[in-house]
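> Please find one structure pasted underneath; my questions will follow.
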Amino acid sequence: MSQRSCLSVILAAGEGTRMKSAMPKVLHSIAGLPMVAHVVKAAEAAGATGLALVIGHGAEEMRKAAQKFAPKAETFVQEERLGTAHAVLAAREAISKGYDDILVMFGDTPLIDAAALAAARQKLADGAAIAVIGFRPPNPTGYGRLIEEGGRLVAIREEKDCSAAERTIGFCNAGMMAVAGRHALALLDRVGNRNAKGEYYLTDIVEIASATGLTVVATETGFESALGINNRAELAEAEAIWQARRRREAMLGGVTLIAPETVYFSHDTEIGADTIVEPNVWFGLGVKIAAGATIHAFSHMTGTTIGENCEVGPFARLRPGAHLRKKAKVGNFCEVKQATVEEGAKVNHLTYVGDARVGAGANIGAGTITCNYDGYSKFFTDIGEGAFIGSNSSLVAPVTIGSRSYIASGSVITESVPDDALAFGRARQKTLPGKGKELRERFASVAAAKKKAAE
Ligand code: UD1
Ligand code: CA
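Following my numbering, the numbering of the sequence shown begins with 5 at its first residue and continues without gaps.
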């Protein structure tokens with residue numbers, strides 16, 4: 005099948021009014037990726053070599069987004085929404101280039117899997133003119149019914165146009181189909197709009213093809229793969245299904261999830277074997293974790309790379325550009341942004357490390373802050389290997405802390421510190437014996453005098 009060329013036509017012109025959103029429906033995300041981009045990924049995984057995106061509502065926004073998730077896609081604007089066949093024909097120019105297979109897909113069906121698409125394409129390779137992807141929803145109301153005769157598909161009837169008998173059929177149209185490229189335009193051009201909705205139905209090509217003696221078949225996929233998203237409740241449902249699939253894949257890949265239902269992945273999360281993830285962890289976009297890490301509960305990370313055998317959290321926040329090299333540790337209530345924590349370094353408690361390097365084996369005391377921003381620009385803090393930063397220190401960037409140097413607790417460091425030095429950046433302590441007792445007596449007599457005067 006791989007030698008057959010394939011164009012995926014993705015319909016995404018709908019407004020999606022039920023999303024109640026200023027953003028086009030298909031740009032709403034699942035696992036941090038627009039739903040239409042999931043559809044593109046599935047098409048590519050099924051071997052699509054060309055991509056045609058049919059857009060309408062929010063065309064500008066869609067075009068801009070498409071440049072990111074499908075830079076090679078051609079976009080076609082469907083000016084008026086006259087039905088799914090009309091929408092496919094908006095991409096006439098792409099279809100007429102002569103692909104072997106045309107895969108028609110909906111932009112709002114994000115869980116469609118490549119296997120279902122590939123199975124439909126296989127039917128074309130075996131000689132069918134059309135292969136429709138069917139499914140059996142728990143409740144078929146609203147879906148087109150697949151009408152079969154002797155293993156062949158003879159028609160798809162939209163719910164509104166069904167007879168009472170046809171309405172009892174449980175096998176429904178998932179919406180997606182594979183059409184032989186050499187027949188596609190001729191079939192589509194014959195579709196009319198004499199039906200209950202007055203629309204040009206893509207589904208009508210089934211009856212047209214089968215009446216002319218072409219072979220039309222149905223394949224079957226799971227209900228989840230065909231789930232269409234119309235509102236935000238369905239969006240959340242699709243997200244839950246996606247997450248459940250991904251968690252399972254992670255666990256089967258050697259990752260321990262203690263409470264899988266509380267761990268959230270992004271579409272691009274990479275996580276190595278023998279990593280243990282405790283409950284309530286959020287992996288935002290762009291997280292890569294090597295093998296053997298422990299991610300303690302309630303940690304949140306985005307744009308982060310974590311090396312082998314690192315330990316993170318509980319309650320760690322790793323922001324874009326955080327890079328932990330092997331055996332590094334970022335502990336509770338610490339935030340790391342645009343900074344490298346080198347091998348074996350420890351950032352254990354209540355600390356902010358931003359725009360910085362923490363050298364190998366360095367130890368950052370509780371409450372350390374890299375003061376990286378003056379309200380206008382960001383500055384860098386470089387902490388050398390094996391340095392020890394005493395608790396509650398402020399390192400005012402730009403500043404370099406030498407290797408193996410020692411910063412006294414509570415320091416405000418504004419000047420660079422050479423290797424092996426000890427730096428204090430705070431006032432010396434003064435202790436006055438007996439002075440505490442004297443102070444108490446004085447304050448007590450002042451308070452007593454006030455009380456008396458008020459009586
Ligand atoms: C469609 C199918 C139905 C199937 C169901 C599965 C047709 C005629 N019916 O019905 O058999 O069971 O999907 O969910 O195909 N679109 C455009 N331009 C248009 C019309 C639609 O881009 O002019 C896009 C929509 O944005 C949407 C998709 O095509 O992504 C499907 O259209 P929709 O109107 O939702 O079709 P259904 O009535 O759900
Ligand atoms: Ca629909």
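C-beta: ideal position from N, C-alpha, C; glycine also.
These numbers were taken from a predicted model, which means no experiment stands behind them.
Indicate the three-state DSSP secondary structure (helix, strand or coil) for Lys454 in the structure shown.
Taking the sequence shown and counting its residues from 1, one reaches residue 454 at position 450. Of the three classes helix, strand and coil, the one that applies to Lys454 here is helix, per DSSP.
> According to DSSP, is Asp278 part of a helix, a strand, or is it coil?
Locating residue 278 in the sequence shown gives position 274, where the first residue counts as 1. Coil.
> Return the chain-ordered list of same chain residues with a C-beta closer than 7 Å to the C-beta of Ser303, the five sequence neighbours on each side being excluded.
In the sequence shown, counting from the first residue as 1, residue 303 sits at position 299. Here the set comprises Val285, Val316, Gly317, Pro318, Phe319 and Ala320.
> For Phe447, count neighbouring Cβ atoms within 10 angstroms of its own Cβ and tell me buried if that reaches 16, exposed if not.
Working through the sequence shown from its first residue, we reach residue 447 at position 443. The residue is exposed, with fewer than 16 neighbouring Cβ atoms inside 10 Å.
> Can you tell me where the alpha helix (DSSP H) with Glu389 in it begins and where it stops?
Within the sequence shown, the letter at position 385 stands for residue 389. No alpha helix (DSSP H) contains Glu389, which DSSP labels as neither H nor E.
> One question on the structure: do Ser395 and Gly371 come within less than 8 Å of each other, judged by their Cβ atoms?
On the sequence shown, residue 395 is found 391 positions in, with the first residue counted as 1. On the sequence shown, residue 371 is found 367 positions in, with the first residue counted as 1. Against a cut-off of 8 Å, the Cβ pair of Gly371 and Ser395 comes out as a contact.
> Taking 8 Å as the threshold, find out whether the region 91-101 comes into contact with the region 110-119 through three or more Cβ pairs.
At 8 Å Cβ cutoff, the stretches do not touch.
> Fully enclosed by the region 172-226, which beta strand (DSSP E) runs are 3 residues long or longer?
Counting only runs of 3 or more, we get 176-184 and 220-224.
> Using 8 Å for Cβ pairs, my map puts Val43 next to Ile116. What's the rounded Cβ distance?
Locating residue 43 in the sequence shown gives position 39, counting from the first residue. Locating residue 116 in the sequence shown gives position 112, counting from the first residue. Rounded, the Cβ-Cβ distance is 6 Å, consistent with contact.
> Is there at least one non-hydrogen atom of ligand 2 closer than 7 Å to the beta-carbon of Gly363?
The residue labelled residue 363 in the question sits at position 359 within the sequence shown. Gly363 Cβ: outside cutoff for every heavy atom of ligand 2.
> When the Cα atoms are used, what is the spatial distance from Val195 to Ala35?
Numbered from 1 along the sequence shown, position 191 holds the residue referred to as residue 195. Numbered from 1 along the sequence shown, position 31 holds the residue referred to as residue 35. Cα to Cα, the separation comes out at about 37 Å.
> What did DSSP end up calling Ile262 once you bin it into helix, strand or coil?
Counted from its first residue, the sequence shown places residue 262 at position 258. Correct three-state label for Ile262: coil.
> In chain order, what residues of the same chain have a beta carbon less than 8 Å from the beta carbon of Ser214, not counting five sequence neighbours either side?
For this step, residue 214 is matched to residue 210 along the sequence shown. Arg156, Leu157, Val158, Ala159 and Val220.
> Flag this pair as yes or no: are the beta carbons of Ala135 and Thr53 separated by less than 8 Å?
Within the sequence shown, residue 135 is the residue found at index 131, counting from 1. Within the sequence shown, residue 53 is the residue found at index 49, counting from 1. Not in contact: Ala135 and Thr53 (Cβ atoms no closer than 8 Å).
> What does DSSP give as the partner residue(s) for Cys375 in the beta ladder?
As a working mapping, residue 375 is identified with position 371 in the sequence shown. Paired residue(s): Val400.
> Below 8 Å on the Cβ atoms is my guess for Lys461 versus Thr306; work out the distance and round it to an integer in Å.
This structure cannot speak to residue 461, because the chain is shown only from 5 to 459.
> In or out: Val450 buried (at least 16 other Cβ within 10 Å) or exposed?
By 1-based counting over the sequence shown, the position of residue 450 is 446. Classification of Val450: exposed, given that the 10 Å Cβ count is below 16.
> Which same chain residues, not among the five before or five after Gly414, have their C-beta less than 6 Å away from its C-beta?
As a working mapping, residue 414 is identified with position 410 in the sequence shown. Within the same chain, Gly414 has close Cβ partners Asn396 and Arg430.
> With H, G and I counted as helix, E and B as strand and the rest as coil, what does DSSP make of Arg446?
Within the sequence shown, numbered from 1, the residue matching residue 446 stands at position 442. Residue state, collapsed to three classes: helix.
> Compute every distance between the C-beta of Gly174 and the non-hydrogen atoms of ligand 2, then say whether any falls below 7 Å.
Indexing the sequence shown from 1 puts residue 174 at position 170. No, ligand 2 has no heavy atom inside 7 Å of this Cβ.
> Whole angstroms are fine: how far does the CA of Lys76 sit from the CA of Glu64?
On the sequence shown, residue 64 is found 60 positions in, with the first residue counted as 1. On the sequence shown, residue 76 is found 72 positions in, with the first residue counted as 1. Their backbone Cα atoms lie some 16 Å apart in a straight line.
> What's the C-alpha gap between Leu261 and Ala248?
Numbered from 1 along the sequence shown, position 257 holds the residue referred to as residue 261. Numbered from 1 along the sequence shown, position 244 holds the residue referred to as residue 248. If I take the Cα positions, the gap works out to 12 Å.
> Can you grab the Cα-Cα spacing for the pair Leu289 / Gly202, in whole Å?
Here residue 289 refers to the residue found at position 285 of the sequence shown. Here residue 202 refers to the residue found at position 198 of the sequence shown. Distance between the alpha carbons of Leu289 and Gly202 is about 43 Å.
> Identify, in the order they occur along the chain, each residue of the same chain with its Cβ nearer than 7 Å to the Cβ of Val259, setting aside the five sequence neighbours on each side.
Here residue 259 refers to the residue found at position 255 of the sequence shown. Result list for Val259: Ile275, Ala277, Thr279 and Val281, in chain order.
> Touch check for the region 164-176 and the region 117-127: three-plus C-beta pairs under 8 Å?
With the cut-off at 8 Å, the region 164-176 and the region 117-127 do not touch.
> Quick one: measure Cβ to Cβ for Lys331 and Cys314, integer angstroms, because I've assumed they're closer than 8 Å.
As a first step, residue 331 is located in the sequence shown; it is residue number 327 there, counting from the start. As a first step, residue 314 is located in the sequence shown; it is residue number 310 there, counting from the start. Yes, they are in contact, since the Cβ atoms of Lys331 and Cys314 sit about 6 Å apart, within 8 Å.
> For ligand 2, is there a heavy atom less than 7 Å away from the beta-carbon of Gly232?
Against the sequence shown, residue 232 aligns to sequence position 228. At least one heavy atom of ligand 2 is nearer than 7 Å to the Cβ of Gly232, so yes.
> So Asn376 and Ala349 are in contact, right, with Cβ under 8 Å, and what is the actual spacing, rounded?
Taking the sequence shown and counting its residues from 1, the one referred to as residue 376 is at position 372. Taking the sequence shown and counting its residues from 1, the one referred to as residue 349 is at position 345. Contact flag wrong, Cβ pair sits at about 18 Å.
> Which first and last residues belong to the alpha helix (DSSP H) in which Gln342 is found?
Taking the first residue of the sequence shown as position 1, residue 342 is located at position 338. Not the alpha helix (DSSP H): Gln342 falls in the beta strand (DSSP E), residues Glu339 to Val345.
> Which two residues bound the contiguous beta strand (DSSP E) that contains Lys333?
Within the sequence shown, the letter at position 329 stands for residue 333. Where Lys333 is concerned, the enclosing beta strand (DSSP E) stretches over Lys333 to Asn336.
> Whole angstroms are fine: how far does the CA of Gln7 sit from the CA of Ala129?
Taking the sequence shown and counting its residues from 1, the one referred to as residue 129 is at position 125. Taking the sequence shown and counting its residues from 1, the one referred to as residue 7 is at position 3. Roughly 10 Å separates the two Cα atoms.
> Since Phe73 is in the alpha helix (DSSP H), which residue starts that stretch and which ends it?
For this step, residue 73 is matched to residue 69 along the sequence shown. That run of the alpha helix (DSSP H) goes Ala63 to Phe73.
> I'd like to confirm the pairing. Which residues does DSSP put opposite Phe80 in its beta bridges?
As a first step, residue 80 must be located in the sequence shown, where it is residue number 76. Paired residues: Val58.
> Going by DSSP in three states, Gly440 sits in which element: helix, strand or coil?
Walking along the sequence shown from the start, residue 440 turns up at place 436. If DSSP states are grouped into helix, strand and coil, Gly440 belongs with the helices.
> Determine whether the beta carbon atoms of Ser381 and Thr404 lie at a separation below 8 Å.
Position 377 of the sequence shown, counting from 1, holds the residue named residue 381. Position 400 of the sequence shown, counting from 1, holds the residue named residue 404. Contact flag unset, no.
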